[in-house]
Structures are given as structure tokens and as C-alpha cells.
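Every position in the sequence shown, counted from 1, becomes a number in this note's numbering once 3 is added.
For glycine and all other residues, C-beta sits at the position ideal for the given N, C-alpha and C.
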Amino acid sequence: MELRHLKSFKFVAEHLNFTKAAQQLNFTQPAVTAQIQTLEQELKRELFIRIGKKTFLTPEGEILKTYADQLFSIVEEIQSSFAELSNSSESVTIAAGESYCTNYFPYVISEYLKLYPHVQIKLISCKRDEVIKGVESKKYDIGIISGELSKNGFSNIVIAEEDIVLVASKDLYDNYPEDQLLTKFPLIKYRDDGYYESMIEKYLRQLKLSQQNVIEFGSLDGIKKAVLNNIGVGLGTNGCIKKEISNGDLIPILVTNKKVKIKTSIISLKEKENLVIIQSFINLIQKNWNSISTIG
């Protein structure tokens with residue numbers, strides 16, 4: 004069933020006149036008649052009936068008209084949404100932690116601009132609490148946070164779950180037994196007062212680690228670089244350091260089957276869910292997030 008045949012049917016059904024429908028469509032009347040006949044053959048139903056000089060819809064034609072009206076209403080919405088994206092000079096403001104901004108968003112933004120080059124994008128690096136407050140106050144359109152957010156008026160979509168891992172550089176791992184690494188070298192971890200910190204503490208308790216000599220960094224990238232420079236052993240997520248683990252520069256230590264996972268979520272206000280500009284960006288993040296290889 005072709006859309007053009009349905010369109011011709013819709014016009015004939017509205018006018019109940021093949022000549023008027025043909026004029027509206029800028030077709031010849033025989034062409035419109037042929038399209039309706041093709042449609043009737045496909046459906047194996049008669050759609051119009053002539054009584055005297057007047058044309059009427061059959062019961063089957065009435066049913067098809069109802070669905071055709073709905074279909075072309077959806078088509079108009081699609082075309083309107085496409086036009087909004089193509090012509091929009093609006094901006095989307097995204098807030099996320101530094102590591103998310105550094106490791107993920109260069110790729111995400113690049114892909115988005117290929118599809119919607121007219122949309123202006125603002126990327127703000129800030130802490131989790133600031134992301135939530137900014138989205139709530141409408142300062143930011145989209146937020147990326149560690150953990151989840153259950154709060155009235157918010158939409159929360161979990162896009163990743165990553166294991167917390169304890170790692171050492173290859174140099175340290177090759178020269179010291181695992182049980183000596185934490186006694187001879189400091190533990191390097193992320194400085195945070197919220198969800199991420201609570202998961203780190205849970206991980207340390209699970210491993211029964213009590214480390215007095217601690218160095219805290221404000222970014223996961225800082226931790227990674229410090230560990231690679233043999234300053235100490237570091238706590239991070241396998242997503243952030245998967246490249247370094249894969250090529251052997253960083254080695255997981257004290258590996259356990261009891262995993263502690265860090266979730267990553269997209270948050271936005273529910274009232275903005277129907278905005279095409281925002282929803283298209285959220286969809287792109289969901290589609291690509293876990294396939295992005297973070298850059299060291």
C-alpha cells in the first residue's frame with residue numbers, strides 16, 4: 004500500500020468528488036481513479052459507491068478514512084519536527100562532571116552536529132549536586148550524573164553501569180607483590196561528598212581495606228595519570244580506564260567477584276521530554292554512550 008495512493012483516497016473521501024480531488028492534487032482525473040482502483044484491489048474492498056451522480060464512502064471506506072486521517076496527521080507532525088530541527092537556531096545546554104565532559108562529549112557533540120548543524124551546544128563541567136540544581140532551575144537542559152535521581156518532575160535514564168576497580172601501573176605491578184602495593188604506596192581516589200564517594204567507601208569496606216595514606220583528586224583523569232606515573236594505586240571505573248587496562252598500562256589488583264558498580268544517568272525535566280531538540284540529543288547519548296572508547 005503506497006502512501007501516494009492513500010493520499011489520493013484521502014482527498015477523494017474529503018470531497019466525495021474525483022474531479023475536485025484531482026484538481027487539489029494537480030493530477031488528472033483518470034490518474035486519481037486508477038490509484039483508487041489499485042488501492043481497492045490491494046485491500047480487496049470497495050471504498051466508494053456511486054448512487055446517481057453522487058459518490059459515497061462504503062463502510063470499508065469510512066474505516067479507511069479514519070485511519071488515513073490519523074496517518075497523515077502523524078506525517079505532518081514528523082515533517083514539522085524535521086523542519087524544527089533543520090531550521091532551529093536554539094541551543095542545548097548540558098551539564099556533567101569533568102570526566103564525562105572530557106571522555107565522552109567530544110564524540111557525542113561531533114555526532115550530533117553532523118545531524119543538526121544549526122543547534123548551538125553548551126557543555127558545562129560541574130559537580131553532581133550542581134548538575135541537579137541546574138537542571139531543576141532550567142539553567143541546564145540535560146544533565147549527566149553518577150548514580151540515579153528519584154525526584155518529582157525529573158526523568159532519569161540509566162545509560163551505564165561500570166565496575167569500580169583498583170589498579171596499579173605495570174611498572175609497580177611487575178616489581179611489588181599485590182599485598183605490598185597498598186602498604187608502600189598511597190591510595191589515589193576521587194574527591195566527592197556524594198554518591199561516587201559512598202560507592203568507593205562500600206568497595207573499600209568490601210575488600211576490608213583501611214588505607215591511611217590517601218591522595219584525593221578532583222577528576223578521574225587526574226587519578227589515571229597519577230597511577231600511570233607510579234605515584235600510587237588508584238580507584239576508578241572500568242569504563243574510564245578500559246583503554247589503559249586493555250593495552251596493559253594499568254593492571255587491576257585485588258580482583259574480587261563481589262562487584263561494586265557505579266551507575267551513570269541522564270537527567271532532564273519531564274516537562275521538556277517532548278522538545279525535539281532535547282529528546283534527539285538524549286537519544287543520541289543513549290545510543291552511543293557505551294560504545295565510546297575513552298581517550299587517555
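Original post:
Which residues bound the beta strand (DSSP E) around L184?
Top reply: Numbered from its first residue, the sequence shown carries residue 184 at position 181. Counting along the chain, L184 falls outside any beta strand (DSSP E), though it belongs to the alpha helix (DSSP H) covering 181 to 187.
**OP:** Let me know the secondary structure DSSP gives V111 once reduced to three states.
**Re:** For the purposes of this step, residue 111 is identified with residue 108 of the sequence shown, where counting begins at 1. Correct three-state label for V111: helix.
**OP:** Identify whether T41 lies in helix, strand or coil by the three-state DSSP scheme.
**Re:** By one-based count along the sequence shown, residue 41 stands at place 38. Secondary structure at T41: helix, using DSSP grouped into helix, strand and coil.
**OP:** Confirm, please, whether the CB-CB distance from I203 to L152 is below 8 Å.
**Re:** Here residue 152 refers to the residue found at position 149 when the sequence shown is read from its first residue. Here residue 203 refers to the residue found at position 200 when the sequence shown is read from its first residue. Not a contact, by the Cβ cut-off of 8 Å.
Original post:
Which class does T1 belong to by DSSP, given the choice of helix, strand or coil?
Top reply: The question about residue 1 has no answer, for the chain in this structure spans 4 to 299.
Subject >> Per DSSP, the bridge partner or partners of L152 >> reply: Translated into positions along the sequence shown, residue 152 becomes position 149. DSSP output for L152 lists no bridge partner at all.
Original post:
Can you tell me whether D224 is buried or exposed, with buried defined as 16 or more other CB within 10 angstroms of its CB?
Top reply: For the purposes of this step, residue 224 is taken as the residue at position 221 of the sequence shown. With 16 or more Cβ atoms within 10 Å of its Cβ, D224 is classed as buried.
Original post:
How many angstroms separate the CA atom of W292 from the CA atom of L126?
Top reply: Working through the sequence shown from its first residue, we reach residue 292 at position 289. Working through the sequence shown from its first residue, we reach residue 126 at position 123. Their Cα atoms are separated by approximately 16 Å.
Subject >> the region 96 to 105 touching the region 141 to 161, judged by at least three CB pairs closer than 8 Å >> reply: The region 96 to 105 and the region 141 to 161 touch, with no fewer than 3 CB-CB distances between them shorter than 8 Å.
Original post:
Per the contact definition of three or more C-beta pairs closer than 8 Å, is the region 45 to 54 in contact with the region 62 to 72?
Top reply: yes
Subject >> Inside the region 199 to 274 only - beta strand (DSSP E) runs reaching at least 3 residues >> reply: 217 to 220, 236 to 240, 253 to 255, 264 to 272
Subject >> For Y143, the three-state DSSP class (helix, strand or coil) >> reply: Here residue 143 refers to the residue found at position 140 of the sequence shown. Of the three classes helix, strand and coil, the one that applies to Y143 here is coil, per DSSP.
**OP:** Can you give me the start and stop residues for the beta strand (DSSP E) that S94 sits inside?
**Re:** Here the question's residue 94 lines up with position 91 in the sequence shown. Start and end: 94 to 99.
Original post:
For N159, which of helix, strand or coil comes out of DSSP?
Top reply: In the sequence shown, counting from the first residue as 1, residue 159 sits at position 156. Assignment of N159 by DSSP, reduced to helix, strand and coil, places it in the strand class.
Original post:
Is the beta carbon of I256 less than 8 Å from the beta carbon of L169?
Top reply: Position 253 of the sequence shown, counted from the start, is the residue given in the question as residue 256. Position 166 of the sequence shown, counted from the start, is the residue given in the question as residue 169. Closer than 8 Å, so yes.
Subject >> Length of the line joining the Cα atoms of T297 and Y199 >> reply: Taking the sequence shown and counting its residues from 1, the one referred to as residue 297 is at position 294. Taking the sequence shown and counting its residues from 1, the one referred to as residue 199 is at position 196. Bear in mind that a pLDDT of 49 at T297, under 50, signals an unreliable position, so the number given afterwards is only what the model happens to contain. Rounded to the nearest angstrom, the two C-alpha atoms are 19 Å apart.
**OP:** Work out the CA separation of N155 and E219 for me, nearest whole Å.
**Re:** Working through the sequence shown from its first residue, we reach residue 219 at position 216. Working through the sequence shown from its first residue, we reach residue 155 at position 152. Spanning the two alpha carbons is a distance of roughly 34 Å.
Subject >> Three or more C-beta pairs below 8 Å linking the region 33 to 42 and the region 4 to 23 >> reply: yes
Original post:
Buried or exposed: I160, going by 16 or more other Cβ atoms within 10 Å of its Cβ?
Top reply: On the sequence shown, residue 160 is found 157 positions in, with the first residue counted as 1. I160 comes out exposed.
**OP:** Whole angstroms is fine: what's the gap from G251's alpha carbon to S128's?
**Re:** Indexing the sequence shown from 1 puts residue 251 at position 248. Indexing the sequence shown from 1 puts residue 128 at position 125. Those two C-alpha atoms are separated by around 30 Å.
Original post:
Which whole-angstrom value is the C-beta distance of N233 and P189, which I expect to be below 8 Å?
Top reply: Translated into positions along the sequence shown, residue 233 becomes position 230. Translated into positions along the sequence shown, residue 189 becomes position 186. Wrong, their Cβ atoms sit about 11 Å apart, outside the cutoff.
Original post:
Mind checking whether V138 and L287 have CB atoms under 8 Å apart?
Top reply: In the sequence shown, residue 138 corresponds to position 135, counting from 1. In the sequence shown, residue 287 corresponds to position 284, counting from 1. No, Cβ-Cβ distance for V138 and L287 is not below 8 Å.
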